[in-house]
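Using my numbering, the letters of the sequence shown correspond one by one to residues 97 to 423.
All remarks here apply to the structure that follows.
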Amino acid sequence: MKKDSKTRNKDIELYEYLDYEYSVDDYRYWGLFFNKKGRLMVDPKRFQKMIGRNFSQDILKVINNRNTHYFYPKTLNYVKCNIGYFYDTIYEINDEWKKIYLPLIEREVERIKKEEPLTIADDYNFMCGISSSIAAQARANFINAMRNADYNRNREYLLKSLYAQFFHQMMSKTEAVSVRVLTKNKAMKDRFDRTVLYATAYNCNKSIEQLENYADYDKAYCIWNFIKHNSQSTYLTLKSRYQEVLIDTQYSQGEMAFLYIKFDNDLIQNLIDGLRKFFEEYCELVHSDENYRESQWNYDDYFISIADYEINKINNPLGLDVFDDID
Numbered sequence: 097m098k099k100d101s102k103t104r105n106k107d108i109e110l111y112e113y114l115d116y117e118y119s120v121d122d123y124r125y126w127g128l129f130f131n132k133k134g135r136l137m138v139d140p141k142r143f144q145k146m147i148g149r150n151f152s153q154d155i156l157k158v159i160n161n162r163n164t165h166y167f168y169p170k171t172l173n174y175v176k177c178n179i180g181y182f183y184d185t186i187y188e189i190n191d192e193w194k195k196i197y198l199p200l201i202e203r204e205v206e207r208i209k210k211e212e213p214l215t216i217a218d219d220y221n222f223m224c225g226i227s228s229s230i231a232a233q234a235r236a237n238f239i240n241a242m243r244n245a246d247y248n249r250n251r252e253y254l255l256k257s258l259y260a261q262f263f264h265q266m267m268s269k270t271e272a273v274s275v276r277v278l279t280k281n282k283a284m285k286d287r288f289d290r291t292v293l294y295a296t297a298y299n300c301n302k303s304i305e306q307l308e309n310y311a312d313y314d315k316a317y318c319i320w321n322f323i324k325h326n327s328q329s330t331y332l333t334l335k336s337r338y339q340e341v342l343i344d345t346q347y348s349q350g351e352m353a354f355l356y357i358k359f360d361n362d363l364i365q366n367l368i369d370g371l372r373k374f375f376e377e378y379c380e381l382v383h384s385d386e387n388y389r390e391s392q393w394n395y396d397d398y399f400i401s402i403a404d405y406e407i408n409k410i411n412n413p414l415g416l417d418v419f420d421d422i423d
């Protein structure tokens, strides 16, 4: 429960003076004070009143749980939670997929054009009177069928090749952020495999494999291992666990594995969404002391930046910048 009525009364006197002087450049005008160590102290009521909006209920729940007049933010600067690293990477992957790669794939595949079908009038022997119309039509049908097969084969190859290239980059980024988080938490040295990630849940109430969205994480890795190694063992592993992602054709070791995956937008998007949910669950399990939402605002610079924005709106209403000084 908040107290310190003497401090509150002292602030009211200061606010009356600042309002009279209209000292908007003074952080105290906005309800922001600094202690002797340079850390921020926030008067929540004054701050909300001056910026013209209230905090969300989630923020108020934290701010109101204090025993002093001022609210003291948890940290000086923004400190990214472990889930923040995963979120940033997955959102980046999702943006790249939707805004760059999917349109690129659709555009490039459309550039493969079908050849105009042949008719008997295109048959040289028929036009010279050597072949009959039946023979000429049969010859045209055969060539058209071959051309159509080439078109479908080339289109399918390019489509799956581009999907596989994005998927490989997507999984490389996923593994890179996993290594980054594990290194940050001193949970690995210089070698990564998935058992290193699983080991971080050793003292938790469940294993990584028991997480609800573990299957999405595992499926993505099984696909990635298959298209990287092109081996019978990785094919059989994928087939035994997630046969639905494979085309209905037997694989022979050494063939290009990506051609055997049913790559499409739904598969990629579902895996991206599944990876995000998996890492949410992972961080809730292994880093349960973190609060991602609170980390987005509970630091000094968050409040200072809001005050700076409001001050700039008053002092620089046209939004001029350094480039306007050139005029």
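Virtual Cβ for every residue (Gly too), placed ideally from N, Cα, C.
Because the structure is a prediction, the values reported are computed rather than measured.
- Remark: C-beta atoms of residue 103 and residue 395 do not approach each other more closely than 8 Å.
- Comparing alpha carbon positions, the residue from 113, 334, 317 closest to residue 268 is 317.
- Taking the C-beta atoms as reference points, residue 229 is found no nearer than 8 Å to residue 239.
- A residue is called buried once 16 or more other Cβ atoms fall within 10 Å of its Cβ, and residue 364 is buried on that count.
- Distance from the Cα of residue 252 is smallest, within the candidate group 128, 143, 204, 296, for 204.
- Beta-bridge annotation (DSSP): residue 185 is not paired with any residue.
- Remark: fewer than three beta-carbon pairs, one from each stretch, lie closer than 8 Å, so the region 381-395 and the region 308-326 are not flagged as touching.
- Collapsing the DSSP output to three states places residue 333 in a helix.
- Counting the other Cβ atoms within 10 Å of the Cβ of residue 108 gives fewer than 16, which makes it exposed.
- The residues 216, in chain order, have a CB closer than 6 Å to that of residue 233 in the same chain once the five nearest residues on each side in sequence are set aside.
- Ranking 421, 243, 401, 397 by CA distance to the CA of residue 175 puts 397 first.
- The Cβ neighbour count for residue 256, taken over all protein chains shown within 10 Å, is at least 16; the residue is labelled buried.
- Residue pairing of residue 172 in beta bridges, as defined by DSSP: absent, with no partner found.
- The C-beta separation of residue 307 from residue 378 comes to about 7 Å, placing the pair in contact by the 8 Å criterion.
- Distances from the alpha-carbon of residue 209 to those of 402, 249, 221 put 249 closest.
- Taking C-beta separations shorter than 7 Å and ignoring five residues to either side along the sequence, the partners of residue 219 in its chain run 227, 232, 235, 236, following chain order.
- If you draw a straight line from the Cα of residue 159 to the Cα of residue 140, it comes to about 8 Å.
- For residue 137, the uninterrupted beta strand (DSSP E) run begins and ends at 136-138, by DSSP.
- Shown here, residue 293 sits in a helix according to DSSP, grouped into three states.
- Around the beta carbon of residue 178, a 10 Å sphere encloses 16 or more other beta carbons of the protein chains shown; the residue is thus reported as buried.
- Between residue 334 and residue 342 the beta-carbon gap is near 7 Å, inside 8 Å, which marks them as a contact.
- Just measuring C-alpha positions, the residue of 358, 372, 327 sitting nearest residue 183 is 372.
- Rounded to the nearest whole angstrom, the CA to CA distance from residue 366 to residue 206 is 24 Å.
- Within the DSSP bridge table, the entry for residue 220 names no partner.
- Across the structure, residue 196 and residue 258 are spaced so that their CA atoms are roughly 12 Å apart.
- Two segments are said to touch when three or more pairs of C-beta atoms, one from each, lie closer than 8 Å; by this definition the region 128-146 touches the region 161-171.
- Here residue 347 is buried, its C-beta having at least 16 other C-beta atoms within 10 Å.
- At the C-beta level, residue 368 and residue 186 come within 8 Å of one another.
- Here DSSP, grouped into helix, strand and coil, assigns residue 108 to helix.
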